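Just so it is clear: in the sequence shown, position 183 is 719 by the working numbering, and no numbers are missing.
Accompanying notes for the structure given below.
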Amino acid sequence: MSQEFLDRYGPTALVTGASSGIGRSFAEALAARGFNLVLVARRIDRLEVLAERLEDKSRISVMPLEIDLADPGAAQRILDATADLDIGLVISNAGFGLKGPFEKDDPAIQAEMLMVNCHATTQIARGFIPRLRARGKGGIVFTSSVEGLIGCPYSAVYSATKAYVNALGEALWGELTPDGIDVLTLCPGATESEAAAKQGIDPATMTNQQSPDEVAALTLDNLHNGPTYLPHPHYRTVFDQLLSLPRPQALAAMAQGMKPR
Ligand SMILES: NC(=O)c1ccc[n+]([C@@H]2O[C@H](COP(=O)([O-])OP(=O)(O)OC[C@H]3O[C@@H](n4cnc5c(N)ncnc54)[C@H](OP(=O)(O)O)[C@@H]3O)[C@@H](O)[C@H]2O)c1
Numbered sequence: 537m538s539q540e541f542l543d544r545y546g547p548t549a550l551v552t553g554a555s556s557g558i559g560r561s562f563a564e565a566l567a568a569r570g571f572n573l574v575l576v577a578r579r580i581d582r583l584e585v586l587a588e589r590l591e592d593k594s595r596i597s598v599m600p601l602e603i604d605l606a607d608p609g610a611a612q613r614i615l616d617a618t619a620d621l622d623i624g625l626v627i628s629n630a631g632f633g634l635k636g637p638f639e640k641d642d643p644a645i646q647a648e649m650l651m652v653n654c655h656a657t658t659q660i661a662r663g664f665i666p667r668l669r670a671r672g673k674g675g676i677v678f679t680s681s682v683e684g685l686i687g688c689p690y691s692a693v694y695s696a697t698k699a700y701v702n703a704l705g706e707a708l709w710g711e712l713t714p715d716g717i718d719v720l721t722l723c724p725g726a727t728e729s730e731a732a733a734k735q736g737i738d739p740a741t742m743t744n745q746q747s748p749d750e751v752a753a754l755t756l757d758n759l760h761n762g763p764t765y766l767p768h769p770h771y772r773t774v775f776d777q778l779l780s781l782p783r784p785q786a787l788a789a790m791a792q793g794m795k796p797r
């Protein structure tokens, strides 16, 4: 299975947002499967430590890239830096959120979120798809969120960015799977990472969390089971029920659950 997986999606994978959380877990899981890696994030010190560890442990080669995905030229920089590499798997995972009433959001952070979660994601896909098509096989994972499945009160912009990622990922699944390129839009629920604390949420108050290692491992095992994948059974059940409700009722329930206390 491991060799088959490496033959289909290897020899090299790109992982954005690899300096922590789900992205770091993707990097570790792929290194264990024998992939060479290109790792992208702003915190280059973390990427370098990870690269050294994975190269020693798994006898692979790792290229850490210090790139701010809010920069409009970020995708081109990644494409230029990897021009000589045979990348068969693109894990477009970097992203961040902001919780609270919409009108209290900092507009500059809203704009940055649109750049990182939507613009960079789109341009990375736009840049790598011709390369994947030329090889006739490969895969793309878009890390979205269950918050992209419904407009999420008190997380309005984040939720909207992830709805965009869901639509992009589904559309590209429709375009690329007939040509041998798997596309999976990953919709995690609450996952243990730095994300909660960055948004002012006490991780201890969160229930039904999944470890990032489990999210990454399940996602790789389900890469061919697109278009969309919810890795946690709890969220599969909750969102099946929620999305079957009349929309006003579903949104009222979400607002109740998400309202800052
Ligand atoms: N944790 C959850 O509960 C959860 C649930 C659903 C979906 N998700 C999604 O999962 C993905 C990974 O998040 P996580 O939970 O693993 O959070 P995390 O631990 O905060 O990791 C976020 C990653 O994205 C990178 N990143 C953020 N802004 C960036 C920028 N401007 N340029 C380059 N890299 C940037 C960060 O790297 P640097 O800071 O070093 O740049 C970091 O590596 C995100 O897309 C998130 O929306 C998370």
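C-beta: ideal position from N, C-alpha, C; glycine also.
This one's a predicted model, so the numbers in the text were calculated from it and none came from an experiment.
Simplified DSSP assignment, three categories, for residue i
{"i": "Met794", "result": "helix"}
{"i": "Tyr700", "result": "helix"}
{"i": "Leu550", "result": "strand"}
{"i": "Gln735", "result": "coil"}
{"i": "Lys745", "result": "Here the sequence assigns Gln to residue 745, which means Lys is not the residue at that position. Gln745: coil per DSSP, three-state reduction."}
{"i": "Thr618", "result": "coil"}
{"i": "Ile665", "result": "helix"}
{"i": "Ile660", "result": "helix"}
{"i": "Leu778", "result": "helix"}
{"i": "Ser556", "result": "coil"}
{"i": "Cys654", "result": "helix"}
{"i": "Asp641", "result": "coil"}
{"i": "Lys673", "result": "coil"}
{"i": "Ser597", "result": "coil"}
{"i": "Asp607", "result": "coil"}
{"i": "Ser691", "result": "coil"}
{"i": "Leu586", "result": "helix"}
{"i": "Leu712", "result": "helix"}
{"i": "Gly633", "result": "coil"}
{"i": "Leu685", "result": "coil"}
Between the CA atoms of residue j and residue i - distance to the nearest angstrom
{"i": "Arg509", "j": "Gly762", "result": "Past the edges of the chain, shown from 537 to 797, lies residue 509, and the structure says nothing about it."}
{"i": "Pro796", "j": "Gly636", "result": "7 Å"}
{"i": "Cys688", "j": "Tyr771", "result": "15 Å"}
{"i": "Asp604", "j": "Leu766", "result": "28 Å"}
{"i": "Lys673", "j": "Ser681", "result": "26 Å"}
{"i": "Pro739", "j": "Ala732", "result": "6 Å"}
{"i": "Pro666", "j": "Gly546", "result": "16 Å"}
{"i": "Asn702", "j": "Thr679", "result": "9 Å"}
{"i": "Ala587", "j": "Leu787", "result": "43 Å"}
{"i": "Gln777", "j": "Leu722", "result": "19 Å"}
{"i": "Thr618", "j": "Leu781", "result": "46 Å"}
{"i": "Ala503", "j": "Thr743", "result": "What is shown of the chain runs 537 to 797, which leaves residue 503 out entirely."}
{"i": "Ala606", "j": "Thr741", "result": "30 Å"}
{"i": "Leu542", "j": "Gly675", "result": "11 Å"}
{"i": "Met599", "j": "Arg589", "result": "12 Å"}
{"i": "Gln735", "j": "Ser556", "result": "15 Å"}
{"i": "Arg569", "j": "Gly716", "result": "21 Å"}
{"i": "Ile580", "j": "Ala630", "result": "14 Å"}
{"i": "Thr727", "j": "Leu601", "result": "25 Å"}
{"i": "Tyr690", "j": "Met794", "result": "6 Å"}
{"i": "Asn758", "j": "Asp718", "result": "10 Å"}
{"i": "Gln659", "j": "Val774", "result": "32 Å"}
{"i": "Leu668", "j": "Tyr700", "result": "22 Å"}
{"i": "Gly684", "j": "Glu584", "result": "32 Å"}
{"i": "Ala656", "j": "Ala611", "result": "6 Å"}
Residues bridged to residue i (per DSSP)
{"i": "Phe678", "result": "Ser628 and Thr721"}
{"i": "Glu602", "result": "Ala577"}
{"i": "Thr764", "result": "Thr721"}
{"i": "Asn572", "result": "Thr548"}
{"i": "Ile623", "result": "Thr548"}
{"i": "Thr727", "result": "Gln746"}
Candidates the options, of which the one nearest residue i by Cα
{"i": "Val677", "options": "Asp616, Arg671, Gly609 and Pro724", "result": "Pro724"}
{"i": "Phe664", "options": "Ala692, Leu621 and Tyr690", "result": "Leu621"}
{"i": "Phe571", "options": "Thr658, Gln792 and Gln539", "result": "Gln539"}
{"i": "Phe632", "options": "Gly793, Cys654 and Leu573", "result": "Cys654"}
{"i": "Met790", "options": "Asp607, Asn744 and Ile686", "result": "Ile686"}
{"i": "Leu720", "options": "Arg671, Tyr690 and Thr764", "result": "Thr764"}
{"i": "Thr755", "options": "Ala563, Pro714 and Ala610", "result": "Ala563"}
{"i": "Arg671", "options": "Leu759, Leu712 and Thr658", "result": "Leu712"}
{"i": "Gly559", "options": "Ser729, Pro769 and Leu779", "result": "Ser729"}
{"i": "Val574", "options": "Ile614, Ser561 and Val774", "result": "Ile614"}
{"i": "Ala692", "options": "Leu634, Arg662, Ile645 and Ala661", "result": "Leu634"}
Pair every Cβ in the stretch 745–759 with every Cβ in the stretch 699–707, then say whether three or more of these pairs are closer than 8 Å. Output reads no: the stretch 699–707 does not touch the stretch 745–759.
Three CB pairs or more closer than 8 Å across the stretch 545–558 and the stretch 620–627: yes
Touch test, the stretch 640–653 against the stretch 593–603, Cβ-Cβ under 8 Å, three pairs minimum: no
Is the stretch 647–654 touching the stretch 690–704 in the sense that three or more CB pairs, one from each, lie closer than 8 Å? yes
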